[in-house]
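Residue numbers (the numbering used here): 53 to 239.
Put into structure tokens, the structure is as follows:
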């Protein structure tokens, strides 16, 4: 496992997990909201669940790359410095480099300094033509492994394609000017 932190250890740009029992090949990029403090020495329950899930359910992948919409290590979403230019460059490079993505960021809504709908809208052009999936719970948002129907334990959850236009009212992506798209409920 390899982690890249910036600005000391306050912002994590990525966490790379190779599967040593597999041939090096395709990498699955898993995208969450903001990172935990998981690193080369320890993994949190989200990383543990995703590592087990990808290894057991998705044998085509030789590695998993944990990425996040924001880089700030912040469990309570209380900090204001949620982005870092170097972490953003690493995220954008990973998106350009890889083809397969698993979104696990839950419902995108604004929390504190985090503007998740706008951030996802900023990254959307880079994701055009990519294979983007989500855990399939029949939701119109990509469930996080901590979702009550998964609780970091269910490995029998399938995958479904992620649709940018599939968010529920109140969680739609905002347009380029920051205005909610037609038919959305402002948050």
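Using N, Cα and C, we set each Cβ at its ideal position, and we do this for glycine too.
With fewer than 16 neighbouring CB atoms inside 10 Å of its own CB, residue 188 falls in the exposed class.
Note that the C-beta distance between residue 193 and residue 159 is below 8 Å. The segment 162-170 and the segment 66-80 do not touch, with fewer than 3 CB-CB distances between them shorter than 8 Å.
Contact fails between the segment 92-102 and the segment 135-146, because fewer than three Cβ pairs, one in each stretch, are under 8 Å apart. The DSSP assignment places 113-120 as complete runs of the beta strand (DSSP E) inside the segment 89-126, in order along the chain (cut-off: 3 residues). In this structure, residue 85 places its C-beta atom within 8 Å of the C-beta atom of residue 121. Between residue 77 and the set 105, 112, 96 and 88, the nearest pair of CA atoms involves 112. Taking C-beta separations shorter than 7 Å and ignoring five residues to either side along the sequence, the partners of residue 144 in its chain run 178, following chain order. Only residues of its own chain outside the window of five on either side were considered, and among them 88 and 90 have a CB closer than 6 Å to the CB of residue 96, listed in chain order.
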